[in-house]
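Peer 1:
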Amino acid sequence: MLFVVSGYSQELREPEATQLEAAEAEILIGTPISLEQALMIALENNTTLRIERLEPQITRYGEEIARSAYDPTISGNLNYRADNEYYSSGQQRSADDVSFGTGISQKLPTGGRVDLDVDMKRDESTATNSDNKFHTDSVGVELKITQSLLKGRGLDVNLAAIRKARLNTAISEQQLRRYIETLIYNVTNSYWDLFLAQQNLKVYQESYELAMQHEREVEVFILNGKRPEIELATVKAEVSSRRERLIKARGAIDKQRLGLLSIMNYHAIAPDGWDEQIFPGDTPEQTYNPPADVESYISIAMLKRPEIIESEIKLQREQIDLVVTKNGLLPKLDFFVTLGNTEYADAFTNGNEKDSDEQYLIAGLNYSWGIGRRAEKARYRQDLMYEEQSQLALQNLKDSINREIRRAYTDCLTNLESIEATAATRELRRQSLKTQQIKFEHGNATNNAIANAQRDLLEAEINYTEAMVDYVLSRLRLHYLDGSLIERMGYDVRL
Numbered sequence: 000m001l002f003v004v005s006g007y008s009q010e011l012r013e014p015e016a017t018q019l020e021a022a023e024a025e026i027l028i029g030t031p032i033s034l035e036q037a038l039m040i041a042l043e044n045n046t047t048l049r050i051e052r053l054e055p056q057i058t059r060y061g062e063e064i065a066r067s068a069y070d071p072t073i074s075g076n077l078n079y080r081a082d083n084e085y086y087s088s089g090q091q092r093s094a095d096d097v098s099f100g101t102g103i104s105q106k107l108p109t110g111g112r113v114d115l116d117v118d119m120k121r122d123e124s125t126a127t128n129s130d131n132k133f134h135t136d137s138v139g140v141e142l143k144i145t146q147s148l149l150k151g152r153g154l155d156v157n158l159a160a161i162r163k164a165r166l167n168t169a170i171s172e173q174q175l176r177r178y179i180e181t182l183i184y185n186v187t188n189s190y191w192d193l194f195l196a197q198q199n200l201k202v203y204q205e206s207y208e209l210a211m212q213h214e215r216e217v218e219v220f221i222l223n224g225k226r227p228e229i230e231l232a233t234v235k236a237e238v239s240s241r242r243e244r245l246i247k248a249r250g251a252i253d254k255q256r257l258g259l260l261s262i263m264n265y266h267a268i269a270p271d272g273w274d275e276q277i278f279p280g281d282t283p284e285q286t287y288n289p290p291a292d293v294e295s296y297i298s299i300a301m302l303k304r305p306e307i308i309e310s311e312i313k314l315q316r317e318q319i320d321l322v323v324t325k326n327g328l329l330p331k332l333d334f335f336v337t338l339g340n341t342e343y344a345d346a347f348t349n350g351n352e353k354d355s356d357e358q359y360l361i362a363g364l365n366y367s368w369g370i371g372r373r374a375e376k377a378r379y380r381q382d383l384m385y386e387e388q389s390q391l392a393l394q395n396l397k398d399s400i401n402r403e404i405r406r407a408y409t410d411c412l413t414n415l416e417s418i419e420a421t422a423a424t425r426e427l428r429r430q431s432l433k434t435q436q437i438k439f440e441h442g443n444a445t446n447n448a449i450a451n452a453q454r455d456l457l458e459a460e461i462n463y464t465e466a467m468v469d470y471v472l473s474r475l476r477l478h479y480l481d482g483s484l485i486e487r488m489g490y491d492v493r494l
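In structure tokens form, the structure reads like this:
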């Protein structure tokens with residue numbers, strides 16, 4: 000199903016009545032899009048995700064290939080032979096021999112094998128002293144059962160390939176889950192980055208308007224003789240500087256917009272392609288609840304983090320290899336039993352017949368032992384080291400994830416406190432600007448003081464917006480690191 004955002008009107012904001020150019024007054028133009036819509040579009044249209052979704056399906060065929068080793072095998076043969084013999088007396092004798100055979104073989108997961116063969120033959124003789132034709136018919140049935148007693152014996156050894164194939168499928172499913180989590184994480188980051196860029200543009204827009212307003216006030220003071228004309232150059236320079244920042248802020252928005260379009264692959268379905276204008280319709284939460292205890296996130300990560308699960312599955316795979324190579328150190332000792340029955344029928348054309356029946360049983364042992372066993376011993380020791388390496392890698396991964404979560408938790412608490420601190424700073428900067436403006440009106444403040452106060456307010460506004468977005472993103476990262484992002488975002492992903 001293709002998810003397309005629809006039902007939204009594209010309304011342009013009318014620029015306020017200021018001296019700004021029309022293009023500079025337009026901040027949000029295009030289609031608003033919610034975070035949920037952005038995520039749904041990405042999950043439906045991201046090209047790399049489509050590729051990753053195929054991987055578990057591909058690896059499942061590996062299970063079928065492994066199971067095929069225990070599929071029964073049917074074989075058959077048909078032979079015809081014509082013999083002609085010439086005697087010194089000038090006589091000629093001919094014979095036609097026909098044979099047909101079929102069989103079925105079944106490999107057993109215990110390390111055994113069952114073979115059932117049926118052979119039918121008709122042999123004509125050329126060594127007769129008359130014109131009578133002599134032939135022999137035979138039907139043979141043979142059942143052979145073989146079972147490994149040492150090397151190759153047991154379900155753990157013979158089902159190893161099937162179990163490894165299942166583990167490979169489980170690994171690919173965990174890799175797909177992690178990619179989906181990463182996609183959700185990246186889309187959300189890109190979404191809030193675009194929101195932050197647009198909020199910064201608003202701040203720069205307001206800052207530019209304040210500078211323009213101050214320029215008009217200075218011009219009035221100069222006309223009234225309250226200020227020298229030389230101060231106008233400083234004020235105009237500040238206006239130009241604010242306009243330069245405003246232009247750069249617009250460029251930053253366009254870059255963030257392109258990044259969000261790309262990660263959603265929305266340009267492939269949007270009417271205007273890469274030129275599609277979108278902007279975030281959601282805002283960060285206004286109620287910021289503190290995170291839970293850090294140990295709870297670590298506990299969740301140990302259970303749900305796909306990389307940990309994948310490493311544990313790989314360790315199981317190494318242990319399967321170890322069982323196989325350890326069994327390979329044993330000598331080859333196979334028990335076999337063969338049951339057979341053959342019926343013969345000799346016949347002439349005059350009707351004389353003679354039948355016979357032969358039954359047999361063969362049982363025994365086959366034994367083999369390689370001198371030195373260097374390859375088998377080397378493989379076993381190699382697998383022992385692989386297992387140890389996997390265990391160490393798993394522990395190192397858990398320690399690394401533990402450290403990452405604790406760092407993200409610290410960032411989350413820091414950003415939460417920063418919201419309140421930056422909000423207080425912003426309010427104080429606003430009061431400071433008002434104070435400087437009143438002083439300026441009474442001739443007790445300079446243009447530089449006004450410009451500095453405006454810059455301080457600009458910085459405080461940006462810091463407050465960044466603090467809100469940083470907290471939202473730090474909570475997002477915390478949920479990404481503990482492997483619960485999919486469920487916390489409310490998605491039910493079926494792999």
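For the sequence shown, numbering that gives the first Met the number 0 begins at 0 and goes up steadily by one. Glycine is no exception: its CB is placed at the ideal position from the N, C-alpha and C atoms.
1) To which residues of the same chain is residue 23 closer than 7 Å at the C-beta, ignoring the five residues directly before and after it?
2) Would you mind reading off the limits of the alpha helix (DSSP H) that contains residue 312?
3) Once DSSP output is grouped into helix, strand and coil, what is the label at residue 343?
4) Pick out the complete alpha helix (DSSP H) segments inside the region 211-294, 4 residues or longer, and give them in chain order.
5) Can the beta-carbon of residue 110 be found closer than 8 Å to that of residue 156?
6) According to DSSP, is residue 142 part of a helix, a strand, or is it coil?
7) Going by beta carbon distance, what residues of the same chain come within less than 6 Å of residue 480, once the five residues before and after it are set aside?
8) Note the first and the last residue of the continuous beta strand (DSSP E) segment covering residue 70.
9) If you drop the 5 nearest sequence neighbours on each side, which residues of the same chain put their C-beta closer than 8 Å to that of residue 275?
10) For residue 108, name the three-state secondary structure that DSSP assigns.
11) Spatial neighbours of residue 467 within its chain, please: C-beta separation below 7 Å, excluding the five flanking residues on both sides.
12) Quick one: residues in its chain with C-beta nearer than 7 Å to the C-beta of residue 431, no 5 flanking neighbours on either side, listed in chain order?
13) Helix, strand or coil for residue 478 per DSSP?
14) Going by alpha carbons, who is nearest to residue 263 out of 251, 252, 277 and 250?
15) For the alpha helix (DSSP H) that residue 400 lies in, which residues bound it at each end?
16) Which one of 171, 104, 80 and 272 has the shortest CA to CA distance from residue 93?
17) Taking the beta carbon of residue 219 as the centre, do at least 16 other beta carbons fall within 10 Å, making it buried, or is it exposed?
18) So, is residue 309 buried or exposed, given that buried needs 16 or more other C-beta atoms within 10 angstroms?
19) Below 8 Å on the Cβ atoms is my guess for residue 317 versus residue 382; work out the distance and round it to an integer in Å.
20) Leaving out five residues on either side along the sequence, give the residues of the same chain with a beta carbon under 8 Å from the beta carbon of residue 293.
21) Compute the Euclidean distance between the alpha carbons of residue 331 and residue 401, then round it to the nearest angstrom.
22) With respect to the alpha helix (DSSP H) encompassing residue 40, which residues constitute its N-terminal and C-terminal limits?
Peer 2: Put simply:
1) For the purposes of this step, residue 23 is taken as the residue at position 24 of the sequence shown. With a pLDDT of 42 at residue 23, under the threshold of 50, the modelled position of that residue is not reliable, and no figure is offered here.
2) Residue mapping note: residue 312 aligns to position 313 of the sequence shown, counting from 1. Run containing residue 312: 305-326, per the alpha helix (DSSP H) assignment.
3) Start at 1 with the first residue of the sequence shown, and residue 343 comes out as number 344. The answer is strand: DSSP assigns residue 343 an E or B state.
4) 230-263
5) For the purposes of this step, residue 110 is identified with residue 111 of the sequence shown, where counting begins at 1. For the purposes of this step, residue 156 is identified with residue 157 of the sequence shown, where counting begins at 1. Yes. Within cutoff.
6) Residue 142 sits at position 143 when you count from the first residue of the sequence shown. Reduced to three states, the DSSP call for residue 142 is strand.
7) Residue 480 sits at position 481 when you count from the first residue of the sequence shown. Here the set comprises 403, 404 and 407.
8) Taking the first residue of the sequence shown as 1, we reach residue 70 at position 71. That residue, residue 70, is in no beta strand (DSSP E); it is neither H nor E in DSSP.
9) Numbered from 1 along the sequence shown, position 276 holds the residue referred to as residue 275. Taken in chain order, the residues that qualify are 29, 30, 260, 265, 266 and 269.
10) The residue you call residue 108 lines up with position 109 of the sequence shown. Coil.
11) As a working mapping, residue 467 is identified with position 468 in the sequence shown. 283 and 418.
12) For the purposes of this step, residue 431 is identified with residue 432 of the sequence shown, where counting begins at 1. Excluding positions up to five away in sequence, the list reads 452 and 455.
13) Mapped onto the sequence shown, residue 478 falls at position 479. Residue state, collapsed to three classes: helix.
14) The residue given as residue 263 occupies position 264 in the sequence shown. When only C-alpha atoms are compared, the closest one is 277.
15) Translated into positions along the sequence shown, residue 400 becomes position 401. Run containing residue 400: 373-440, per the alpha helix (DSSP H) assignment.
16) Counting from one through the sequence shown, the residue named residue 93 turns up at place 94. Checked all of 171, 104, 80 and 272; the closest Cα to residue 93 is 80.
17) The sequence position of residue 219 within the sequence shown is 220, counting from 1. Looking at its Cβ environment, which holds fewer than 16 other Cβ atoms inside 10 Å, residue 219 is exposed.
18) What you label residue 309 is simply residue 310 of the sequence shown in a count that begins at 1. Looking at its Cβ environment, which holds 16 or more other Cβ atoms inside 10 Å, residue 309 is buried.
19) Here residue 317 refers to the residue found at position 318 of the sequence shown. Here residue 382 refers to the residue found at position 383 of the sequence shown. Right, their Cβ atoms sit about 7 Å apart.
20) Counting from 1 along the sequence shown, the entry for residue 293 is found at position 294. Excluding sequence neighbours, residue 293 sits near 404, 405 and 408.
21) The residue given as residue 331 occupies position 332 in the sequence shown. The residue given as residue 401 occupies position 402 in the sequence shown. Each residue's alpha carbon lies about 48 Å from the other.
22) Taking the first residue of the sequence shown as position 1, residue 40 is located at position 41. Residue 40 -> alpha helix (DSSP H) spans 34-44.
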